[in-house]
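Student: With the sequence shown counted from 1, adding 1 to any position gets you the working numbering.
Ideal Cβ placement from N, Cα and C applies to all residues, glycine included.
Remember, predicted model here, so these are calculated numbers, not experimental data.
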Amino acid sequence: MEQDPQKRLKEFHGKTCVVETKLDQTFIGRCSRFENDNLIMVDLDHLHGGWDKNIDKLESAINMGHWPVIKKVFIPKPDITRMELLVKKPWENGVGEWKQEPGAQATGAAAD
Numbered sequence: 002m003e004q005d006p007q008k009r010l011k012e013f014h015g016k017t018c019v020v021e022t023k024l025d026q027t028f029i030g031r032c033s034r035f036e037n038d039n040l041i042m043v044d045l046d047h048l049h050g051g052w053d054k055n056i057d058k059l060e061s062a063i064n065m066g067h068w069p070v071i072k073k074v075f076i077p078k079p080d081i082t083r084m085e086l087l088v089k090k091p092w093e094n095g096v097g098e099w100k101q102e103p104g105a106q107a108t109g110a111a112a113d
């Protein structure tokens with residue numbers, strides 16, 4: 002299965018996804034598109050720490066929905082360490098992790 006989230010955009014577009022970054026952040030929100038090598042997500046929640054530090058909050062998002070506190074965010078593709086549809090509960094089975102392309106550097110997400 003292809004793990005590069007940009008190549009799986011058709012699967013992710015408009016659906017609630019969970020994204021973990023190199024900067025130890027987790028985002029839960031709707032996947033919009035990739036633009037200029039940035040993932041654009043809308044109506045999202047931001048959690049400090051990776052998936053393993055936020056299991057209870059991720060389970061709550063599955064059961065009751067996430068609480069959107071950010072309208073839009075741009076996440077540089079090189080910063081993404083894991084990305085998957087929220088309904089697949091990727092923190093339980095380790096899916097969603099993908100290998101970075103050589104030379105990719107972390108830059109940080111920017112909220113709009």
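1. To which residues of the same chain is H138 closer than 6 Å at the C-beta, ignoring the five residues directly before and after it?
2. Are T73 and V43 touching if we call contact CB-CB under 7 Å?
3. Please report the straight-line C-alpha distance between S33 and T82, rounded to a whole angstrom.
4. Going by the CB atoms, is the gap between T17 and L87 shorter than 7 Å?
5. Per DSSP, what are the beta-bridge partners of V43 in this structure?
6. Could you tell me whether the Cβ atoms of I76 and L40 are closer together than 7 Å?
7. Using 10 angstroms around the beta-carbon of E93, count the other beta-carbons present and answer buried if the total reaches 16, otherwise exposed.
8. According to DSSP, is Q4 helix, strand or coil?
9. Could you tell me if N37 is buried or exposed, where buried requires 16 or more neighbouring beta carbons within 10 angstroms of its beta carbon?
10. If you follow the beta strand (DSSP E) that L86 is in, where does it begin and where does it stop?
11. Identify the continuous alpha helix (DSSP H) that holds N64 and give its terminal residues.
12. Is L10 helix, strand or coil when you go by DSSP?
Tutor: If we stick to the structure as given:
1. This structure gives no information on residue 138, because the portion of the chain shown stretches from 2 to 113.
2. First, the residue type needs correcting, since residue 73 is Lys and not Thr in the sequence shown. Closer than 7 Å, so yes.
3. 18 Å
4. yes
5. R31 and K73
6. yes
7. exposed
8. coil
9. exposed
10. I81 to L86
11. I56 to M65
12. helix
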